[in-house]
Amino acid sequence: MASGNNGRGYTSAIEAGKGYTLSHGLSLTPQMQVTYSRVDFDTFRDPFDSEVSLQEGDSLRGRLGVSLNKETTWSAKDGTTRRSHIYSHLDLHNEFLNGSKVQVSGVEFATRDERQSVGLGAGGTYEWQNGRYAVYGNVNLLGATRNISDNYAVGGTIGARVSW
Numbered sequence: 022m023a024s025g026n027n028g029r030g031y032t033s034a035i036e037a038g039k040g041y042t043l044s045h046g047l048s049l050t051p052q053m054q055v056t057y058s059r060v061d062f063d064t065f066r067d068p069f070d071s072e073v074s075l076q077e078g079d080s081l082r083g084r085l086g087v088s089l090n091k092e093t094t095w096s097a098k099d100g101t102t103r104r105s106h107i108y109s110h111l112d113l114h115n116e117f118l119n120g121s122k123v124q125v126s127g128v129e130f131a132t133r134d135e136r137q138s139v140g141l142g143a144g145g146t147y148e149w150q151n152g153r154y155a156v157y158g159n160v161n162l163l164g165a166t167r168n169i170s171d172n173y174a175v176g177g178t179i180g181a182r183v184s185w
């Protein structure tokens, strides 16, 4: 939008969790995470000569969660090792700060997700040839505890990995 504008952003996070073995390859892992992020940019004028400035660009987000994992390892007929890892997780998220605010020609625009949200996800990995090849995938849903129809995200990943 404007040439010569300098923008900056960074994120820092700390996460802790401890797995507890249940039985038959099942484990339960309570987790917690705190993430701080900040964005900033120089005030500039857009193509319509409106002044655009950032008023707030900080986020402090906490997450408490638990994952249930199932890991299985076995020997294939050719003598190589195969593994599968299947998991699901449930997370509670909280945003402690007030979201982002931008001012355009003196008019303030704010964006903030609901403070509390719940995340649910599942996924897995299948490895063969002693871990040389793998396919993986996951799906995740994150929704606000209030007004979920207006404030949710759905995502997923599928992929393959080859090690040599």
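For the sequence shown, this note's numbering begins at 22 and goes up steadily by one. C-beta atoms are modelled at their ideal positions from N, C-alpha and C, and glycine is treated no differently. The structure presented is a predicted model; accordingly, all values stated were derived computationally and were not measured.
Length of the line joining the Cα atoms of residue i and residue j
i      : j      : result
Ile107 : Thr93  : 9 Å
Arg104 : Gln54  : 28 Å
Leu47  : Asn159 : 18 Å
Arg133 : Gly145 : 32 Å
Asp127 : Arg82  : Per the sequence presented here, residue 127 reads as Gly, with Asp not at that position. Those two C-alpha atoms are separated by around 29 Å.
Gly164 : Asn119 : 18 Å
Tyr41  : Phe65  : 52 Å
Asn172 : Trp185 : 43 Å
His110 : Tyr31  : 27 Å
Val175 : Ser121 : 22 Å
Pro68  : Trp149 : 55 Å
Ala143 : Ser96  : 25 Å
Leu43  : Ser88  : 12 Å
Val123 : Ala131 : 6 Å
Gly78  : Val60  : 5 Å
Cross-strand partners of residue i (DSSP beta bridge)
i      : result
Gln54  : Glu36 and Arg84
Thr132 : Ser121
Trp185 : Looking at the DSSP assignment, Trp185 forms no beta bridge with any residue, so it has no partner.
Gln137 : Asn115
Ala155 : Glu148 and Arg182
Leu16  : Given that the chain is displayed from residue 22 to residue 185, the structure contains no residue 16 and the question cannot be resolved.
Gly28  : Phe62
Residue i classed as buried or exposed, judged by whether at least 16 other C-beta atoms fall within 10 angstroms
i      : result
Asp112 : buried
Ser80  : buried
Ser138 : buried
His45  : exposed
Gly28  : exposed
Gly177 : exposed
Gly86  : buried
Residue j beta carbon less than 8 Å from that of residue i
i      : j      : result
Gln76  : Glu129 : yes
Leu162 : Gly180 : no
Glu135 : Asn168 : yes
Ala37  : Thr56  : no
Val125 : Val73  : yes
Asp70  : Asn26  : no
Val183 : Tyr147 : no
Closer than 7 Å: residue i CB and nearest the ligand FAD heavy atom
i      : result
Leu111 : No copy of the ligand FAD occurs in the structure displayed, which carries no ligand at all.
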